[in-house]
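Numbering (the numbering used here), first residue to last: 30 to 416.
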């Protein structure tokens with residue numbers, strides 16, 4: 030009896046080991062196929078960054094959830110940090126420069142430590158990274174300008190349609206489609222954000238056009254890193270997220286700092302370190318034509334403010350690394366869906382941390398969004414959403 034039981038155990042263990050080896054071989058074969066497709070595309074003169082290399086579909090669902098969890102933690106954490114610590118620190122371009130500058134310094138320190146090395150890029154690959162850095166800066170600029178011409182609820186519901194434009198980009202440009210279940214799962218996500226942010230909808234014609242353009246650019250901005258990471262990070266070059274961040278951050282830093290200087294933010298921030306009142310030259314306000322005439326008190330004493338900004342830059346650096354890594358492993362559509370879910374989680378945390386009051390309709394909207402996100406996760410993160 031004992032020998033028979035022992036034989037059954039050995040047979041079961043052997044079968045499990047065989048199945049595990051088979052799964053590993055299947056994943057390796059799929060990954061090799063992805064690389065072979067990349068080589069053929071490169072040899073045939075196709076675009077440098079072809080999104081047909083859908084490497085996210087060979088990543089296990091547990092790995093995707095792990096990356097998304099870290100990304101959510103950093104993303105929502107940075108939003109709450111800004112609200113809790115920096116308060117009404119209305120210098121968006123200066124903060125953008127701080128974030129990208131912190132990423133540049135952090136990556137340089139890690140490069141000196143030997144945590145990653147630099148690869149030799151072609152002129153075409155350098156141009157691609159430069160163009161993406163400009164897209165990053167322009168997207169922020171349009172978002173800032175449009176906020177002054179539309180109400181915040183309208184801005185949020187427009188931004189919630191980013192997944193739709195992401196799908197359109199893939200269908201029109203690259204003939205890539207998703208299953209009907211994925212399309213249906215996006216409906217409650219977009220609808221839920223609309224209900225969660227429901228409020229005083231106000232917009233001008235120019236504001237509507239700029240907001241719509243910002244949504245399209247946001248979809249392109251999310252799609253391009255996915256294409257970049259799928260082609261450069263998994264292709265022959267195999268660049269790490271740190272190297273991509275190291276190459277792009279200084280470019281975005283220079284652009285954001287230049288605009289911060291042109292808009293007067295730098296001089297105003299300099300004044301805020303020595304004065305008890307700062308000028309909010311970039312504060313969105315749809316009820317006045319002269320928002321630059323408004324003043325507010327410092328959110329923190331200058332010494333504490335500098336420490337708060339230092340912590341803010343450090344958290345942004347971690348978020349940037351997480352963003353590139355998550356983009357590589359989950360894909361563009363998943364990232365835009367995460368952006369919608371993040372809005373609802375931010376509202377939920379705002380209720381718990383800051384005592385924000387929301388209506389029943391807003392609460393229903395958050396619940397609908399989370400249900401839609403769970404549905405999307407079931408059909409897409411498991412690799413069953415691509416057709």
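All residues carry an ideal CB built from backbone N, CA and C; glycine is no exception.
Quick caveat, the model's predicted, so the values are computed rather than measured.
One Cα belongs to residue 273, the other to residue 175, and the distance between them is close to 29 Å. When the beta-carbon positions are compared, residue 194 and residue 156 stay at least 8 Å from each other.
In the same chain as residue 404, and ignoring 5 residues on each side of it, the C-beta atoms closer than 6 Å to its own belong to 214, in chain order. In the three-state DSSP reduction, residue 370 falls in the helix class (H, G or I). Annotated as proximal: residue 122 and residue 292, with beta-carbon spacing under 8 Å. At the C-beta level, residue 240 and residue 277 stay beyond 8 Å of one another. An exposed status is given to residue 333, since fewer than 16 other beta-carbon atoms sit within 10 Å of its beta-carbon. Around the beta carbon of residue 235, fewer than 16 other beta carbons lie within 10 angstroms, which makes this residue exposed. For residue 87, no alpha helix (DSSP H) segment is defined, and its DSSP state is neither H nor E. Cβ-Cβ separation between residue 227 and residue 391: approximately 6 Å, consistent with a contact (criterion under 8 Å).
Judged by DSSP in its simplified three-state form, residue 387 adopts coil rather than helix or strand. Between the stretch 91 to 109 and the stretch 345 to 359, the count of Cβ pairs shorter than 8 Å is three or higher; the stretches touch.
Closest in C-alpha terms to residue 377, from the list 393, 144, 365, comes 393. Between residue 398 and residue 218, the C-beta spacing is below 8 Å. Residue range 121 to 142 is occupied by the alpha helix (DSSP H) that includes residue 131. By the Cβ criterion, the stretch 279 to 286 is in contact with the stretch 120 to 137, since at least three pairs of Cβ atoms, one from each stretch, lie closer than 8 Å. Beta-bridge partners assigned by DSSP to residue 179: 232. At least 8 Å separates the beta-carbon of residue 222 from that of residue 367.
By the CB criterion at 8 Å, residue 270 and residue 354 fall inside the cutoff. DSSP places residue 360 in the coil class of the three-state scheme, outside both helix and strand. In terms of Cα proximity to residue 164, the closest of 362, 242, 110, 290 is 242. Bounds of the alpha helix (DSSP H) holding residue 275 are 270 to 291. In this chain, the alpha helix (DSSP H) harbouring residue 298 covers 294 to 301. Rounded to the nearest angstrom, the gap between the Cα atoms of residue 341 and residue 120 is 13 Å.
Around the CB of residue 154, 16 or more other CB atoms lie within 10 Å, so the residue is classed as buried. No Cβ-Cβ contact shorter than 8 Å links residue 351 with residue 126.
Between the alpha carbons of residue 189 and residue 299 lies a distance of about 36 Å.
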